[in-house]
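Under mature numbering (1 follows the signal peptide of the UniProt record, and there is no 0), residues -35 to -1, 1 to 1020 are what the sequence shown spells out, in order.
What follows is a set of notes on a single structure, which appears directly below.
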Amino acid sequence: MSRKKQQSRRALRPRLLTHAIILSIAGSAPSLAFAQAAYTEQGKVGNAESWRSDEFKKDWGLGAVGADHAYARGLSGAGINVGVLDDGTAAWHSELSGKTHNLLAHDQGCSSPTTFGGPDACFYSDGGVGYTYTRPMNPEQRAFFEGLVKEGKMPQKDLDFLRAMEGYVQRIHGTHVGGIVGANRNGSGMHGVAFGSELYSAVTDSNRVQNFEALWGRPGGEMVGTAANSETRAAIQSDFAKSNVRVVNNSWGMPAVARNANELDAAAATIKQMVDDYAGWTRTNRIIQVWSAGNNAGAVAHVLAAVPRYHKDAEPYWIATTNLTAEKTISPGSNICGPSKDWCISAPGTGIISAVPEGKVEGEILRDAKGNVTGMKINSAEHVSGYASHDGTSMAAPHVSGGLALLMERYPYLDNAQVRDVLLTTAEDLGEAGVDEIYGWGLMDLKKAIDGPSQMRVDSEVKMDRRAGGAKVWSGEAWDDWRNDIGGTGKLTKSGEGWLRLSGNNSFGGVLLKEGVLELDGRNALASAVRVDGGHLLLDGQLVKSNLELHGGQATVQGQVEQGRTLVGKEARLQGTGTLADTQVAGIIAPGVDGIGTLTVNGTYTQQAGSVYEVDAQSGGTSDLVDVRGKAALEGGQVRVSGATLGERYRIVSAQEVSGSFAGASTLSSQPFLSLSLNHTPRQVSIDVARGQSLASAAYTSNQLGVAMAADAASDQDVVLQRLTRLDVPQALSAFERLSAETHASQRAVWLEQGHDLNQAAAQRLRSVQDAFVQQAEGHNGVWVDAHGRGGHLDGDGNAARVDYQGSGLTVGYDRRVGADWTLGVLGATGKGEIKVRERGSRSEDRSRHLGVYAGKQWGALALRGGWLMSDHRTDANRQVAYGTFNERQQASYTSHGQQGFVEAGYAWQVGGQVMLEPYAQWSHVRVSTPRFQERGGLTALQVDAGHSQVDFATAGLRMAADLATGGGQDWLQLGGGVAYRHAQGDLRSIATASWQGGADFSSWSAPLAEKATLLNLTLGARLSPHTLLQLGYDGQFAADAHDHAVNARFSLQF
C-alpha cells in the first residue's frame, strides 16, 4: 500500500509528508503522449547484461531482484494473467496498451459510477482509471504551507504536489502498480517485471469528492465515496478466477495500525468478516494474494496481509511485502513483517518509476436538493501517458507479483502455492539469519529462483506433466533441472511422466517417486529414505545416510549409496555401475547400463528366493558382475543371461565369502540352442555355456536345413555357429535364409529363363523373313536391329524366396536368302539387367554378351527354323546378411557361360488372301554354367562351388497375321499375334553348393521356373519404304508361379 493512498484514509501529520509524497519526474520522463517507433529486442538468451537497456534501468528494482537473469532464460511472464486490485488501471497508457483488461464490478442494481454519496449511493467501476475531486486550499492553508517551505520544513516539490492534487484529477495508484507488474518492454519509458504478462484490473472503491483537509488529514476533513460490498468483492475474485488469473496484487490495506501481535489481533477482530471472506475466496480459487505490508514506520504488516494468522489453510497462497531501499535496507516508513514473517518477503519500493495517467480532467459535482454531494460526473479527461516515482510497500508488492508471473512461466508444472514457495525459499537473506520479523524471507532473488526451490517447506507433490518454461540451459534429456541446494523438512513426491533433475546438494525430508524420471546428481543427505514406487530413479550423485527403497519401477545407480541400505523389492529393478552399501534383492538386479558393467557392493549382499539376476555377456568371457566387498548370501533366485557365447565361462559374482546358491540359470530370452550351468565356489559364482538344442531341429525348409546342418557340424569356436546359437528360433530361421546361397542359385534360374527368351528373338526373325509380308521387299540381304526391355518374377515356393528381375538389350543381325527357300543369318546381342531377392537382402547386376547363328527352310506352306547361341554373363552380386545384432554385406563378381538352341516347325495357310494362320511347334534347350567363386565381406562370406543347370522347353502354339493392302501396291501394315502353351523340364530349381570359411558344405535351391506357362504375342508391322520395315511387339508369359513381360522394337532393311 503506497503511503499516498494510506494517507488519504487517515489523519496525515506534516512530518510524514516529506517521506510519503508522490513526486512527478516530468524532467526525466515528460508527461505527454508520444509515438513509438517499431521496437527490436536487443536482449539475448543466455546474456543477462544484454537486457539492461535504458528502459530496464528506469526501475532500479529490476536489477535488484535479478529480473535480467530471468529474461536471459527466455522468461517474460508470457501466458500468465495477473490481477491488479486497486483504484483502476489506464489500459490506454502506452505502457499498458494491448495487455490490460478492465473488469466490470458493481453492487447489485448499481448501473452508474456517478452516484456514490447520499441515500442512493452504490458502487460501480469498469476497472479503468478512477477520479478524485479535491477542493482547493483556502488562503490561510496556502499561506501555512508556503511558510513551511520558507522555513525549510517542507520541500517545494511537496507543495507543488499538493497544488497538483487540487480540482479534478485522475487516480494514478493502480496504473503505477500495474506498470511495475507488467508494463510493455517497447524501447521507451520503463517496463514491468513481467512485461509479457496480461493484466486484469478491478476496483473496489468508488470515485470520491473531498475537501483539502481530508487530503491533508486535518480536523474538518470531509470525503464522499463508497466501496464495494462483500458480494461484489466476491464477484471480483470469481471473475479473476474465470479469467485464469494466477496472482492478484493488493497494494492497499485497512487503516488500523498495529505495532505488535496483540494490536494486530484486536484490529482483525474489528473486520473479522472481511478476513474470513478473503480466506474463503482464496481457499476456493487458490489464487496467490500479494499484499503490501503498509507504510506506518515500523508497524507490523496490516490485518489483510496477515490473514493466514487466522486461517492457516490460506497460508500457501499468501504473501506480505515490505519496502526496501536501494541499499537493501528496510525503508524507514515501511511496516515490517512481524507476525506475518513466514509468508513475508521484501522487495524494492523506494523511488520506483512507473506509468501514471496524466491530462486535464473536467467534471461537475452532483448535489441533492439540500446541496449535499451525491456524486461526480466526469465530462472529459485527456489521456496522456506519463511517468512518476512512488515510494511505499505499494511499489514493492507489484515487483513480487511480477516475479511470480515470471516463475509461473518458468515452472508450468507447479501449482500456484509451489511457485510461491520457490519465490520465498530462494530469497536473499537480510537482517538476522533465517526468516525474521523485519524482512521475512529476505529480498526476492529471481536469479536464484529460476534454478528451483531452496527448501521443501512442506511435503510437496510435483506433477511434471510438461517441460520447463523458458530456455533450456542444461544438458541431457531432463525436462527441468533444479540446480539450487534444497533443504527443509518437507518430502518431495514426484509424479507425472516428465524428467526432473536435482543437481544441487540436498538435505530435505525425503523422496517418493511415483512416475516419470527423477535424477539426483549432487550429494543427497536426506532425513528419510528415497522410495521408488514407480518411474525411474537416476542416482548419478550420492545418497548419504539415507536408504534406497525400491518397491516398484526401477533405479539406475551410477553414483553411490553410502551408509544406507538398499532394498530392491519384488516388483522393482536396479541397474547401473555405481556403488551400494548393504543390499537386499527380492526383485531384479542388472549391473551395467545398455551394456556390460560391474555393480559394487560395499557391504553385505543378499539375493532372495524368487529374485532375478540379469546378466549381459559377450564373447571373450566378459560379463556383468556383482562385486561384493563383504559377504554374499545366495538364498535362491534365477540367473538370466543375455548375449552368452558358446564355449565361454562367465564370472557373475565375486565376494569375500559366498554362501548358498542360485536356484538356476537360463537365457534371458528364448535361446534354445544354448545350455547354461552354474558353478559355485567359496568366493565366486560363474556360468559355463554349452550347446543346447541342435540348430537343425528348428529348420523346416531344405535351404534352412542345409545351413543349420553345416553350422551344427562346426566346432564350438566357429564364430558363425556362436552367433547362431545366441538366437531364438524365429531369428535363427531368418539367419539360415540369409546365410544360404539361395540368391546365387536364383541368379542362374533367371539366366535360364532369359536364355529361352533369346532363342525366341532368333525364332521371331526367321518367322518374319519367311512371311510373305516381308518378302514383298526387294533384295536378298537383310539387316535388322532389335531393342527390347523385359521384367518379371519367379514366385517363392516356401523354400526359396520370390525373385524379381528386369533388363534391357540390343540385338543386331544379318541374314541372306539363299535360293528361293533358304535363309541363313548371324546375330550379336548385348544386355544388362538387375535381379532382386528382397526377402534375402540381395541384389545383383549383370552385363551379358551373346553370339549366334540361325537358319530357315521353306517347302511351300511348311517352314523349318533353328538356331544356336553362346552367352557370357558378368555378374556383380551384393548380399546383406543381417540377423540378431549381426550385420554384414557380402559381394561377389564372376562370369558365367550359357548355351541355347532351338528347332521349330510351322505350317502356314492363307485365309481370304490377307490373313495368315500358322500352327507351330518348338523345342528349345538352355544351359548355364557358373564358376567357383569367393564372396568378399566378412565372416559369413561364402565360397560357392561351380554349378550347372539346363532346361528343355517344349512349345506348341498358333500364330496369326493380317495384311492390309493399298490398292494394288505393296501391303504397308500388318497386325499379328499368337498364343502358345509351353512346358518346361529339367533343372527347374537350380542348386548352389557353398560353405563359409571353416564350415561344411551345404546346398541351396532357387525359386522354381514355371513348369507350365501360357505365352502371348502381339505385333504391329509397318512398311516405311519398299526396303524398310518397323515392327513393334509385346510378349507375355503367364503361369501360376511366374510372370514375364517384354516389349521390343525391330527395324529391318532389305537390299
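Positions of the beta carbon are idealized from the N, C-alpha and C atoms, including for glycine.
Under the three-state DSSP convention, the category residue i falls into
i: LEU633; result: coil
i: ASP722; result: helix
i: HIS276; result: coil
i: GLN(-30); result: Model confidence at GLN(-30) stands at a pLDDT of 32, short of 50, so the residue's coordinates are unreliable; what they give is reported in the following sentence. Helix at GLN(-30).
i: SER460; result: strand
i: SER511; result: coil
i: GLY358; result: Here the sequence assigns Thr to residue 358, which means Gly is not the residue at that position. THR358 falls in the helix class under three-state DSSP.
i: ALA1014; result: strand
i: PHE126; result: helix
i: VAL240; result: helix
i: ARG538; result: strand
i: GLN385; result: Correcting the residue type first, residue 385 is Arg in the shown sequence and not Gln. In the structure shown, ARG385 sits in a helix (DSSP, three-state: H, G or I).
i: LEU61; result: coil
i: ASN668; result: helix
i: PRO377; result: coil
i: PRO101; result: coil
i: PRO304; result: helix
i: PRO556; result: strand
Residue nearest to residue i in terms of C-alpha spacing, selected from the options
i: ASN471; options: GLN507, GLY951, SER440; result: GLN507
i: GLY941; options: ARG422, SER971, ASN982, PHE967; result: ASN982
i: ALA221; options: ILE330, VAL212, ALA258, ALA794; result: ALA258
i: LEU980; options: GLY602, GLY922, ALA597, ALA927; result: GLY922
i: LYS459; options: GLY474, ALA436, VAL427, ARG431; result: VAL427
i: TRP294; options: SER345, LEU395, ASP241; result: Looking at the sequence shown, residue 294 is not Trp but Thr. Measuring from the Cα of THR294, the nearest candidate turns out to be LEU395.
i: GLY903; options: ALA847, ASP917, SER861; result: ALA847
i: ASP683; options: SER813, VAL591, ARG781, SER584; result: SER584
i: ASP952; options: LEU539, ASN176, ALA945, SER914; result: SER914
i: ILE561; options: GLY552, THR542, GLN549; result: THR542
i: ALA13; options: GLY132, ALA29, LEU775; result: ALA29
i: ILE956; options: LEU717, VAL134, THR531, GLY63; result: LEU717
i: VAL525; options: LEU485, VAL550, ASN172; result: Before going further, note that residue 525 is Gln rather than Val in the sequence given. With distances taken between Cα atoms, GLN525 lies closest to LEU485.
i: THR544; options: GLY756, VAL533, THR65, THR563; result: THR563
i: GLY139; options: GLU111, ASN381, GLY92, ARG183; result: GLY92
i: GLN669; options: THR690, VAL685, ARG703; result: ARG703
i: ARG1015; options: GLU804, LYS456, LEU504, LEU994; result: LEU994
i: LEU590; options: GLY601, ARG605, GLU600; result: ARG605
Beta-carbon gap between residue i and residue j smaller than 8 angstroms
i: GLY469; j: GLY487; result: yes
i: VAL114; j: GLN106; result: no
i: ILE403; j: ILE301; result: yes
i: THR569; j: GLY595; result: yes
i: ALA597; j: ALA574; result: no
i: TYR376; j: ASP430; result: no
i: ASN449; j: GLY475; result: no
i: VAL593; j: VAL558; result: no
i: ALA398; j: GLY144; result: no
i: VAL47; j: VAL212; result: yes
Residue i Cβ short of 7 angstroms to the ligand MG heavy atom set
i: THR708; result: Summarising the ligand content, the structure contains no ligands, and the ligand MG is consequently not present.
CB contact below 8 angstroms: residue i versus chain B
i: ASN470; result: Here there is only one protein chain, and chain B is not present.
### Query
Which runs of the alpha helix (DSSP H) spanning at least 4 residues fall entirely within the region 207 to 238, listed in chain order?
Complete alpha helix (DSSP H) runs here, min 4: 226 to 235.
### Stretch-stretch touch, CB-based, cutoff 8 angstroms, three pairs: the region 405 to 412 with the region 293 to 310
Yes, the region 405 to 412 is in contact with the region 293 to 310.
### Message
Any contact between the region 661 to 669 and the region 686 to 700? By contact I mean 3 or more CB pairs, one from each, below 8 angstroms.
### Response
yes
### Sufficient close CB pairs (3 or more, under 8 angstroms) joining the region 508 to 515 to the region 486 to 497
yes
### Query
Is the region 640 to 652 close to the region 605 to 620, with three or more CB pairs under 8 angstroms?
yes
#### Entry: Residue ranges of each beta strand (DSSP E) within the region 974 to 1001, 3 or longer
If only uninterrupted beta strand (DSSP E) runs of at least 3 residues are considered, those enclosed by the region 974 to 1001 are 977 to 990.
### Task
Please confirm if the region 21 to 32 is in contact with the region 52 to 66, defined as three or more CB-CB distances below 8 angstroms between the two stretches.
no
### Query
Can you find at least 3 beta carbon pairs, one from the region 778 to 792 and one from the region 743 to 754, that sit closer than 8 angstroms?
yes
#### Entry: Whole runs of the alpha helix (DSSP H) within the region 421 to 460, excluding any shorter than 4 residues
none
#### Entry: Runs of beta strand (DSSP E) lying entirely within the region 817 to 887, each at least 3 residues, in chain order
827 to 848, 851 to 872, 874 to 876
### Message
When you compare the region 516 to 527 with the region 536 to 547, are there three or more beta-carbon pairs, one atom per stretch, that lie closer than 8 angstroms?
### Response
yes
### Message
I want to know whether the region 333 to 348 touches the region 252 to 266 - three or more CB-CB distances under 8 angstroms.
### Response
The region 333 to 348 is not in contact with the region 252 to 266.
### Query
At a cut of 8 angstroms, does the region 722 to 731 reach the region 963 to 972 through at least three beta carbon pairs?
no
### Message
Is it the case that the region 151 to 160 contacts the region 225 to 243, given that we only count it when at least three CB pairs across the two stretches are under 8 angstroms?
### Response
no
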